[in-house]
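Written out below as structure tokens is the structure these notes cover.
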Amino acid sequence: MSLIAVIDDDQDILEASSLILRARGFEVISANNPDDGYKIIKEKNPDLIILDVIMNEPDDGFFLAQKLRREKIATPIIMYTSIAKATGLDFTSGNMIPVDEFVEKPISPDELIAKVEKFLKR
Amino acid sequence: MVEDCKGHILVVDDEEALRTAVRRILEMEGFEVKEAHNGSEGISFGTTTEYDLALIDLKMPDRNGIEVLKEIRHTFPNTVCFMATAYASYETAVEATKLGADGYILKPFSPDELINQLNSGIRKRKLLLETERLKKEREESLLEVAFERTRLKTIINSITDGVIVINKKEELAYFNQAALKLLDVTYLPLGIPVTEHFPIEVAQLLSEKFFEVEEQQSSFSIEVEIKPNNELILEATFSPILQADGKLAGVVVVLKNITEFKRLELIKSQFVSMVAHELKAPIAASIGFIDIMRKPELNISQEQQIDFLNRTHGRLQSLLTMVNDLLDISRMELNKVTREIKEVIVEETIAEVAGLFTVELQKKDLTLSLPGPDEKHIIKVDQNEFLRLLTNLVSNAIKYNKEHGTIYITVKADAYYTVISVRDTGIGLRPEDKDRLFSEFFRAKNEFTKNIHGTGLGLSIVKRIIEAYSGKIECQSTYGEGTEFIISFPVIPIEQA
């Protein structure tokens, strides 16, 4: 069974995401800050990482993704974005952000599952 | 004088018979005549009144005619002077003319000769006066131009925008003091190609834009970063100076310091995106829960559904609070708050606030230590606003307190301030968090705070309220031990109430 790490500082989002993923048969571990997130990734070596872009600080998720890539951790990363569209920031173009996929909040269960299953077989 | 009659004429001659004859002839012709009996009298008359014309005898016993001529000319250079002489010779004529006589009349002379001469003298006088008038006018207008230049220079130098003028050879033709300051240079020599003395980026820009102005022949503005990291940003407006034939004579560059404006613009857009993010978070969570409940295949239990509904309600409630807080902040920013200022007994309001939190205090088993029953401090505030301020502080003291903790509220006053302290025995603040405490949406995040909800606007509102009363707020905190907020209202003497 594939293991997914979800890292988001919003407890409600964390639980909702976990519930959707577990219902689909994935195993889920979670953390509500970048430091704990980093720890569980190193410990459990998940098959996929879901990472919120803004946590305690703007770009916390972005920095964690960079840190993982610097350490040659190539696990696919899906990034939750919040106001990318509103700020006119185009996350989806260019290679500036070392992640594989984006999901804009609010998260639709179908979209989340579809994007997760691009990387993982059930 | 010329306008009143045909002219005022001074006749200076020691021979009475001749004076009388001349006078008669001239008066018949419409001249006004004044007689002087000798040279001294001639000088006296001729230098006190400006005559149109003086007829001066060359040989007089006391002062000779030449002296009289000199004196009159010295005082009134435009009085036309004729010398009358019986000893006409080439030499005397030359000498008199050299000394400035306008002509000479030979004695004896016929009335016609005299009148002809004098008429031509009067024409000359008119010309002299006209010349004089024109000269004066010209001098005045030159003075005006010089004055105008000085004035323009003063104006240009006193404006805070930088002004630079570049001639068509791309040389610096003019600059004001503000330009030096804005371009971050101490000295600029005139007449030097602009590329040589400006900071390199500026020089390049000037040279580049010069051609653009030349081509477009219209004004345009650009932004230039003079010092890096947004330390100095200028808006440079380039306008062509055109000659009468439409060719470019030069370019005037007006430099405006827009650093502060850009800084505010950045703060504003950061604030907007922060607000957007904060508003979106509860919406995203709520939609997330609703989406889950709408999917039968997720098999959500009844119990779980109730939990999700409660949490959704909680998130939407906090969204509402946040919107209301934002509206309050906006009202405060726009100074649109109407305050009903009256005397309020601080201790009474504290008791009122304490009453609002009975349930929350019990839940966490917190002790609330209030001021003694005899204490009574009066401040002049809007009661609702003061209540809001205390509610926010006490609410924080409860939320960030530990179970079985205590909240101490004290009031004291000195000569200047009424000081209210709200101290908790809670989780405290990290030093780095303390600095950002009053920023909008800042919420301390650490192992203790993950289950504490809030908008991050409470203290920002508290600060704005206290500042509206010219008061101050301070925070003392030790991480893990507790936090104390000390607010000070300036004392307003009771008798002024």
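Protein chains in written order, with numbering that gives the first Met the number 0: chain A, 0 to 121; chain B, 0 to 496.
Ideal Cβ positions, reconstructed from N, Cα and C, are used throughout, including at glycine.
Determine, using beta carbons only, whether residue i and residue j come nearer to each other than 8 angstroms.
i, j, result
"A:L111", "A:D46", "no"
"B:L54", "B:V10", "yes"
"B:M273", "B:L456", "no"
"B:R435", "B:M331", "no"
"B:L98", "B:K69", "yes"
"B:D290", "B:L231", "no"
"B:E49", "B:T78", "yes"
"B:V410", "B:P370", "yes"
"B:A178", "B:I163", "yes"
"A:K43", "A:A4", "yes"
"B:L428", "B:S487", "no"
"B:L205", "B:L187", "no"
"B:R62", "B:S39", "yes"
"B:L52", "B:G6", "yes"
"B:T46", "B:T74", "yes"
"A:V52", "A:S16", "no"
"B:E351", "B:L386", "yes"
Measuring alpha carbon to alpha carbon, tell me which of the options ends up nearest residue i.
i, options, result
"B:E466", "B:E384, B:H403 and B:S476", "B:E384"
"B:K401", "B:A414, B:D413 and B:D423", "B:D423"
"B:V421", "B:R435, B:V252, B:N395 and B:E222", "B:N395"
"B:T185", "B:P198, B:T311 and B:R314", "B:P198"
"B:N256", "B:T159, B:P489, B:Q316 and B:E40", "B:T159"
"A:I6", "A:M0, A:R21, A:R23 and A:D59", "A:D59"
"B:L25", "B:M82, B:S109 and B:I65", "B:S109"
"B:I221", "B:L233, B:N228, B:N229 and B:R132", "B:L233"
"A:K71", "A:R23, A:N32, A:K117 and A:P97", "A:P97"
"B:L355", "B:N391, B:E342, B:V380 and B:L326", "B:N391"
"B:I328", "B:T454, B:L142 and B:T96", "B:T454"
"B:I426", "B:K398, B:A414 and B:A412", "B:K398"
"A:I76", "A:I106, A:L119, A:S17 and A:A15", "A:L119"
"B:L189", "B:G41, B:E169 and B:E143", "B:E169"
"B:V250", "B:E34, B:L105 and B:Q215", "B:Q215"
"B:G313", "B:P295, B:R293, B:S285 and B:L325", "B:S285"
"B:G29", "B:I8, B:I42, B:E14 and B:H36", "B:I8"
"B:R22", "B:K33, B:D13 and B:E14", "B:K33"
Given a threshold of 16 other Cβ atoms within 10 Å of its Cβ, counted over all protein chains shown, does residue i qualify as buried or as exposed?
i, result
"B:S268", "exposed"
"A:F61", "buried"
"B:I154", "exposed"
"B:F44", "buried"
"B:T19", "exposed"
"B:L388", "buried"
"B:L365", "buried"
"B:V1", "Summary for B:V1: the model assigns pLDDT 44, below 50, so the residue's position carries little reliability; its value from the coordinates is reported in the next sentence. Answer is exposed; the Cβ neighbour count stays below 16."
"B:I266", "exposed"
"B:S459", "buried"
"B:R442", "buried"
"B:C122", "Checking the displayed sequence, the identity of residue 122 of chain B turns out to be Arg instead of Cys. That one is exposed."
"A:M54", "buried"
"A:M0", "exposed"
"B:G479", "exposed"
"B:M27", "exposed"
"A:G93", "Below a pLDDT of 50, predicted positions are generally treated as unreliable, and A:G93, at 45, falls in that range; the measurement from the model is reported next regardless. Under this definition A:G93 is an exposed residue."
"A:P33", "buried"
"B:N115", "exposed"
"B:N156", "exposed"
List, in chain order, every chain E residue whose beta-carbon is nearer than 8 angstroms to that of residue i.
i, result
"B:F288", "This model lacks chain E altogether; the protein chains it does include are A and B."
request  = Taking only beta carbons into account, state which residues of the region 15–30 of chain A come closer than 8 angstroms to chain B, listed in chain order.
outcome  = For the region 15–30 of chain A, the residues whose beta carbon sits under 8 angstroms from a beta carbon of chain B are, in order, A15, S16, L18, I19 and A22.
message = So if I threshold CB-CB distances at 7 angstroms, which residues from the region 42–54 of chain A count as touching chain B?
response = Of all residues in the region 42–54 of chain A, those with a C-beta nearer than 7 angstroms to a C-beta of chain B are I53, reading in chain order.
ask   = Contact between the region 300–311 of chain B and the region 329–338 of chain B: three or more CB pairs below 8 angstroms?
value = Put simply, the region 300–311 of chain B does not touch the region 329–338 of chain B. Fewer than three CB pairs are less than 8 angstroms apart.
key: Three-pair Cβ contact test at 8 angstroms for the region 200–212 of chain B versus the region 226–237 of chain B   = Because the criterion of three Cβ pairs below 8 angstroms is met, the region 200–212 of chain B and the region 226–237 of chain B touch.
request  = Would you be able to state if there are at least three C-beta pairs under 8 angstroms between the region 25–42 of chain A and the region 61–71 of chain A?
outcome  = Output reads yes: the region 25–42 of chain A touches the region 61–71 of chain A.
query = Taking one C-beta from the region 25–35 of chain A and one from the region 290–306 of chain B each time, how about it: are there three or more such pairs within less than 8 angstroms?
reply = No, they do not touch.
inquiry  = By the 9 angstroms beta-carbon criterion, what residues does the region 460–483 of chain B contribute toward chain A?
reply    = Against chain A - using a Cβ distance shorter than 9 angstroms - the region 460–483 of chain B contributes no residues.
query = How do the region 200–207 of chain B and the region 275–294 of chain B stand: do at least 3 beta-carbon pairs fall below 8 angstroms, yes or no?
reply = Short answer: they don't touch.
key: Contact the region 341–351 of chain B vs the region 367–375 of chain B: 3+ CB pairs below 8 angstroms   = The count of Cβ pairs closer than 8 angstroms, one atom from the region 341–351 of chain B and one from the region 367–375 of chain B, reaches three, so the stretches are in contact.
request  = Residues of the region 94–113 of chain A with a CB closer than 8 angstroms to any CB of chain B: list them in chain order, please.
outcome  = For the region 94–113 of chain A, the set of residues with a beta-carbon nearer than 8 angstroms to any beta-carbon of chain B comprises K104, P105, I106, S107 and P108, in chain order.
query = Any residues in the region 254–270 of chain B with a beta carbon nearer than 7 angstroms to a beta carbon of chain A? Which ones, in chain order?
reply = The region 254–270 of chain B vs chain A, Cβ under 7 angstroms: nothing.
key: Selection of the region 304–337 of chain B by Cβ proximity to chain A, strictly under 7 angstroms   = Cβ contacts with chain A come from R310 and R314.
inquiry  = Can you pull out the residues from the region 414–436 of chain B whose beta carbon lies closer than 9 angstroms to at least one beta carbon of chain A?
reply    = When CB distances to chain A are screened at a threshold of 9 angstroms, not a single residue of the region 414–436 of chain B falls below it.
inquiry  = Under 7 angstroms, CB to CB, which of the residues in the region 180–193 of chain B have a partner in chain A?
reply    = Going along the region 180–193 of chain B in chain order, one finds no residue with a Cβ nearer than 7 angstroms to chain A.
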